[in-house]
Each structure stands twice: as structure tokens, then as C-alpha cells.
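Below: the structure, in C-alpha cells.
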Amino acid sequence: MATASEIKLTEAYIGLLGRAPDPTGLAYWVAEYDTAVAAGTDPDIALKKIANDFTIDTNGEWTSGLGANQTKTTVDGVTTISYTKTQADAVVNGMYANLFEKTTQSAADVKYWSDQLQDGSVTAAEMVVLLILGAGTTDAEVLGYKQEAA
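Using the working numbering, the first residue of the sequence shown is number 23, and each one after it goes up by one.
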């Protein structure tokens with residue numbers, strides 16, 4: 023049976039990368055997460071930080087998936103991420119599909135998350151955690167099945 027840490031990280035993998043984690047990667051991130059929480063980091067903050075690491079993407083998986091829908095600009099060694107409306111909408115719709123198997127969302131939900139991605143008040147990593155934490159009964163059930171299968 024999966025630990026609570028394994029479940030949280032598996033769900034973040036599913037939401038951001040659209041797949042289950044490999045066992046070695048999951049073990050690594052669970053150790054990082056558990057260490058951060060044991061050191062006093064709020065569990066949701068620790069999860070957001072690790073999810074952010076998934077989007078840093080040293081192997082190109084994020085940028086060839088949902089992350090292809092963002093614009094990276096580097097000036098004087100500082101990289102910023104921005105989204106057009108079309109890009110942000112694609113990320114929102116992709117996360118809903120990855121997490122909950124929803125191919126259509128309400129226009130209000132898409133606008134809400136898309137606006138936040140565009141104005142920088144939420145990152146993709148923060149959004150995936152907030153979607154997981156805020157999943158309603160049916161969405162949580164679908165995500166639970168996906169997590170179990172992973």
C-alpha cells in the first residue's frame with residue numbers, strides 16, 4: 023500500500039507530466055518531501071516546491087508536454103515564465119485532463135486558472151497542487167483510480 027507521501031507525489035506527476043512516476047524517481051522525491059516535512063516545512067509548501075522541480079525539467083519532459091505552452095525569457099541570467107491566453111488555457115485544460123480525465127471544463131474554471139497563470143499569481147506547480155487539494159468528490163475519485171493504477 024502506498025504511503026501518503028507517495029500518493030501526493032504520484033498525483034503531482036500525473037497532473038504535470040501526465041504519467042505515473044518511475045519507482046526510482048518516486049523514491050527520490052518521496053525522500054526529499056519527507057525530509058522537508060520532517061524539518062518543519064508545511065506539507066503543501068513542500069509539495070509545491072517539488073512540483074516546481076518537475077517543471078524545471080532537466081530532461082525535457084515538462085517542456086515537451088504541458089510546459090510547451092509557456093514562454094521562457096532569460097535576461098541577465100534571470101528566467102521568467104509567461105503565458106499567452108491560448109498557452110494558459112492549454113495548460114489548464116491539460117491538467118484537468120491529466121488529473122481528472124476531463125476534456126471539457128466550465129469556461130469559468132478555465133478563465134479563473136488561466137488568468138492566474140497569465141498574471142503570475144500562480145505557477146503551474148502551484149496550480150496542480152491546488153487542483154489536487156480542491157478536487158471535488160467525483161474528481162478525487164477519478165484521481166484516486168489513476169493514482170492506484172500508477
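Beta carbons are placed, not taken as given, at the ideal position from N, Cα and C, and that holds for glycine.
Start and end residues, beta strand (DSSP E) containing residue i
i: Lys-124; result: First-last for Lys-124: undefined, no H or E at that position.
For residue i: DSSP bridge partner residues
i: Lys-94; result: Ile-103
Contact set for residue i: own chain, Cβ-Cβ below 7 Å, skip 5 residues either direction
i: Asp-111; result: Val-132 and Ser-136
i: Val-150; result: Ala-34, Gly-37, Leu-38, Ala-73 and Met-117
i: Ala-119; result: Thr-125
i: Thr-102; result: Thr-95
i: Leu-153; result: Gly-37, Met-117 and Leu-121
Where residue i falls, given that 16 or more other Cβ within 10 Å makes a residue buried
i: Pro-43; result: buried
i: Glu-28; result: buried
i: Val-97; result: exposed
i: Ile-67; result: exposed
i: Glu-148; result: buried
i: Leu-155; result: exposed
i: Lys-70; result: buried
i: Thr-57; result: exposed
Cβ shell of residue i (< 6 Å), same chain only, five flanking positions each side left out
i: Val-114; result: Val-132, Trp-135 and Ser-136
i: Glu-123; result: Val-164
i: Asp-161; result: Phe-122
Start and end residues, alpha helix (DSSP H) containing residue i
i: Asn-74; result: 65 to 78
i: Ser-86; result: 83 to 86
For this session: Decide if the stretch 37 to 46 is in contact with the stretch 85 to 95; the criterion is three or more beta carbon pairs, one per stretch, under 8 Å apart.
Result: yes
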